[in-house]
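So the sequence lines, in the order shown, correspond to chains R and G. When we follow our numbering, the leftmost residue of the first sequence carries the number 6, and every step to the right adds one. When we follow our numbering, the leftmost residue of the second sequence carries the number 4, and every step to the right adds one.
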Amino acid sequence: MKQYYETMKKIALKVENLIKKYNGLMAVDNISFEVYKGEIFGILGPNGAGKTTTLEIIEGLRIATDGQIILDNVKMRHGIKKSMQEKIGVQLQSSSYFDYLTLYEILDLFGSFYSRRIYPLELLKLVKLEERKDSLVKNLSGGQAQRFSIVASIVNDPEIVFLDEPTTGLDPQIRRSIWDLIREINKKEKTIIMTTHYMEEAEELCDRVAIMDSGKIIALDSPHNLVNKLDLKFTIKFITYKKMSDEQKRDFGNHKLVIKFWEEKEKYVFRIEDPTKINDILNWLEKKGIKFKNLEILPPNLEDVFLKLTGKSLRE
Amino acid sequence: MIKLLLSSLKQTFRDKGAVFWSFVFPAIFIIIFSFFNFEGSVSAHIIVIDQANTEISNKIIKALLDFDGVGINKDFSDIDEAKIKLEKSEKIEFTFKNDERQEYKEIATVNVILLFPKGYGDMTSLLSTTDEPPFKVQLFYNQANDSLASPSKIVASILDHITNEINLQIVHGKNLFSTNRDGISVNEIRYYDILVPGIIGMGIMQAGIIGMASTIASYKEKRVLKRLSATPLPIWKFILSEVITHLVLSTLQVTLMLVLAKYVLNANIYGSIPLIYLLCFFGNFVFLAIGFIAAALSKTARAAENLSQVFSMPMMFLSGVFFERDSLPEVVKFIANLLPLSPLLDALRAVSLREATLYEVRDELLIVLIWTLVSFIIAVKVFKFREE
């Protein structure tokens with residue numbers, strides 16, 4: 006993060022007015038953004054928002070209907086040129102490698118496609134797979150295979166690494182280990198551009214996040230600013246020892262500080278604008294003789310940002 | 004590029020499917036065919052009835068006995084009696100000659116009767132002025148067994164062979180002899196000799212179509228092609244290394260087939276071996292292109308394999324892998340002649356059986372070349388390396 010502020014404003018990649026039409030349908034609808042050197046840039050959005058299409062156009066895998074990409078002061082219309090692929094590293098969503106080559110052989114082969122390269126054992130060490138250098142990809146666990154796929158994207162020691170939904174389908178523990186790996190790669194002064202549909206991932210990992218929906222970027226800022234800029238509410242959850250009566254619930258819902266009130270299983274949940282006013286609410290509960298426990302105060306997050314901006318949930 | 008090629012070779016040999024289609028599958032064919040004892044039916048067990056008993060007829064009978072697998076019985080003088088033996092496929096005693104030219108006797112089934120009529124080889128009849136060859140023998144044989152390599156054809160060809168020599172010796176080429184099985188010159192060709200070029204051609208086709216289709220489709224399905232196109236490697240280099248790998252594999256396959264043909268089937272290849280390799284080399288491309296088309300039209304490797312079976316099965320049966328196309332009905336034959344495997348098999352057989360030269364098989368090669376171009380153009384048109 007510090008590093009990001011130091012090198013900030015040096016632009017690693019610029020995308021201008023990118024458009025991709027499929028049979029009249031706008032998959033990418035005139036988007037523009039800049040990615041700074043050394044940052045982890047996230048593109049967050051639900052499935053079908055156009056995240057992968059955007060990434061694949063930049064990677065040179067698809068041709069844009071219009072727009073241009075600027076990388077290292079080279080302007081390229083419709084997507085990047087083959088020769089510029091030297092400078093980028095790519096990890097594709099659910100792509101696999103050769104079935105009959107070992108991890109070492111795959112990294113060695115992919116390295117041979119580039120003029121600049123990191124040696125296979127060094128890469129395998131980074132993802133703690135050096136012991137398995139002679140294994141085939143199919144014999145790896147899901148987490149190992151994903152770590153391998155990510156490390157294979159930096160064989161050419163690229164300036165920019167593209168990761169397309171690097172943790173989709175992995176369980177939470179493995180997801181955390183992938184986050185660590187991404188941070189580690191980022192520390193090696195590599196700019197990372199990644200897509201995700203997990204808001205925790207974007208919040209946890211990304212320096213800046215572009216929120217994408219229906220082919221458009223609807224917001225772009227650091228996760229913190231995104232949340233702060235919008236007038237978002239805190240969510241508070243608690244459990245009572247004795248169930249609240251209908252009358253108590255009605256009164257609580259009508260409290261002037263409570264914006265919205267509902268139940269989630271045994272929990273009572275409500276939204277509040279100003280979290281410093283929480284004491285007023287707690288006093289009110291005490292006065293009514295409602296004993297509570299497990300009080301949770303949840304700050305607004307990107308999920309709320311997305312909900313506020315689009316009126317729909319990320320998970321849909 | 005070298006690394007890419009080595010990787011591709013390494014993968015191919017580690018891939019059991021590829022090894023199966025290239026080596027095991029055609030080898031199984033050869034081995035299965037070796038279980039059928041075509042060799043046995045090829046040997047001719049002849050009842051000779053020599054009503055002429057001239058110097059020439061005696062000479063011919065002696066010469067016949069010198070051929071491998073030819074057994075002779077001279078115990079019959081009545082043609083009808085001999086015919087009954089033939090009709091009932093009875094076993095009687097024949098005289099054979101072994102490799103050391105020693106005669107030995109063996110019980111075997113009669114399959115041909117050779118009749119020298121009175122006056123055969125009688126030089127006085129040469130004075131007649133008819134164009135008909137004066138000396139005519141009669142062959143009787145079981146019609147059901149009238150394949151290309153049937154004993155009667157063997158005998159007819161041997162007779163032609165012997166009488167040709169005698170012709171040259173006595174009348175400087177004037178044709179004195181004929182058999183009523185006339186015309187068919189089969190030069191000691193046995194079924195295996197016909198089968199081997201067929202199986203070699205089939206092997207090239209199967210490995211080319213199925214091999215290429217399943218490899219490329221699986222790379223497509225697993226997005227390996229996409230991953231590669233995200234690197235600076237030009238995709239043609241990748242395809243080229245796949246093609247070269249296949250050519251290496253195919254050359255090994257042809258070698259294996261030739262070795263098995265020689266040592267398991269004892270088949271004869273009369274023509275030039277380098278020319279056979281050359282034909283196989285050129286034959287590969289059309290099937291690789293067809294395999295590529297199958298890969299382009301399929302979403303998964305499995306679908307591509309199925310589709311390549313659809314492409315290769317009709318050729319396997321219609322182009323004449325196991326028999327020559329002559330026996331097909333006219334309409335079917337017309338279609339069969341158009342298939343790309345057909346000219347390749349024709350060329351391979353022409354070289355292998357009739358010692359044809361490259362120049363003599365130029366028409367076949369031209370058709371193969373046209374097919375290659377056509378399928379190559381289609382392959383390029385239908386295959387999408389880049390997504391929309």
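Note that beta-carbon positions come from the ideal geometry of N, C-alpha and C, so glycine has one too.
Counting contacts by CB-CB distance shorter than 8 Å, is residue i in contact with chain G?
| i | result |
| --- | --- |
| R/Glu136 | no |
| R/Ser99 | yes |
| R/Ser88 | yes |
| R/Arg82 | no |
| R/Phe311 | no |
| R/Gly65 | yes |
| R/Phe153 | no |
| R/Val79 | no |
| R/Leu168 | no |
| R/Val95 | yes |
| R/Leu60 | no |
| R/Tyr105 | yes |
Is it the case that the Cβ atoms of residue i and residue j are separated by a distance below 8 Å?
| i | j | result |
| --- | --- | --- |
| R/Ile85 | R/Gly65 | yes |
| G/Ile202 | G/Ile34 | no |
| G/Glu367 | G/Pro343 | no |
| G/Gly294 | G/Ala216 | yes |
| R/Leu108 | R/Arg152 | no |
| G/Ala47 | G/Pro120 | no |
| G/Leu118 | G/Val158 | no |
| R/Thr200 | R/Leu60 | yes |
| G/Lys94 | G/Ile50 | no |
| R/Phe103 | R/Ile111 | yes |
| G/Lys223 | G/Met4 | no |
| R/Ile123 | R/Ala17 | no |
| R/Ser158 | R/Gln96 | yes |
| R/Ser101 | G/Lys13 | no |
| R/Lys42 | R/Lys19 | no |
| G/Tyr195 | G/Leu268 | yes |
| G/Ile296 | G/Ile381 | yes |
Examine chain R for any beta-carbon lying closer than 8 Å to the beta-carbon of residue i, and answer yes or no.
| i | result |
| --- | --- |
| G/Thr112 | no |
| G/Gly186 | No answer about G/Gly186 holds up, because its pLDDT of 32 lies below 50 and its placement is not dependable. |
| G/Ser232 | yes |
| G/Ser244 | no |
| G/Pro235 | yes |
| G/Val354 | no |
| G/Leu7 | yes |
| G/Arg357 | no |
| G/Trp374 | no |
| G/Val227 | yes |
| G/Ile202 | no |
| G/Lys387 | no |
| G/Arg305 | no |
| G/Ser301 | no |
| G/Gln14 | yes |
| G/Arg193 | no |
| G/Arg17 | yes |
| G/Ser217 | no |
Which term fits residue i, buried or exposed, when burial requires 16 or more other beta carbons within 10 angstroms of its beta carbon?
| i | result |
| --- | --- |
| G/Ile99 | Per the sequence shown, residue 99 of chain G should be read as Phe rather than Ile. By the neighbour-count rule (16 or more Cβ atoms within 10 Å), G/Phe99 is buried. |
| R/His202 | buried |
| G/Glu327 | exposed |
| G/Arg230 | buried |
| R/Glu268 | exposed |
| G/Asn161 | Checking the sequence shown, residue 161 of chain G turns out to be Ile, not Asn. When all chains shown are included, G/Ile161 counts as buried. |
| G/Lys384 | exposed |
| G/Leu376 | exposed |
| G/Ser424 | Within the shown structure, residues of chain G are numbered from 4 to 391, placing residue 424 of chain G beyond reach of any answer. |
List the DSSP bridge partners of residue i.
| i | result |
| --- | --- |
| G/Phe396 | Residue 396 of chain G is absent from the model: chain G starts at 4 and stops at 391. |
| R/Leu168 | R/Gln96, R/Met199 |
| R/Lys80 | R/Ile75 |
| G/His48 | G/Gly74 |
| R/Leu49 | R/Thr201, R/Ile216 |
If we define contact as Cβ-Cβ less than 8 Å, is residue i a contact residue for chain B?
| i | result |
| --- | --- |
| R/Glu91 | Among the chains of the structure shown, chain B does not appear; the protein chains present are R and G. |
contact_flag[the segment 222-235 of chain R, the segment 262-279 of chain R] where n(CB pairs < 8 Å) is 3 or more
no
Do the segment 254-273 of chain G and the segment 332-342 of chain G meet, that is, are 3 or more Cβ pairs less than 8 Å apart?
no
Contact between the segment 19-28 of chain R and the segment 165-183 of chain R: three or more CB pairs below 8 Å?
no
With contact counted as at least three CB pairs below 8 Å, one residue from each stretch, are the segment 312-319 of chain G and the segment 261-280 of chain G in contact?
no
Do the segment 296-308 of chain R and the segment 250-267 of chain R make contact, defined as three or more Cβ pairs closer than 8 Å?
no
Given 8 Å, three or more beta-carbon pairs between the segment 96-114 of chain G and the segment 68-80 of chain G
yes
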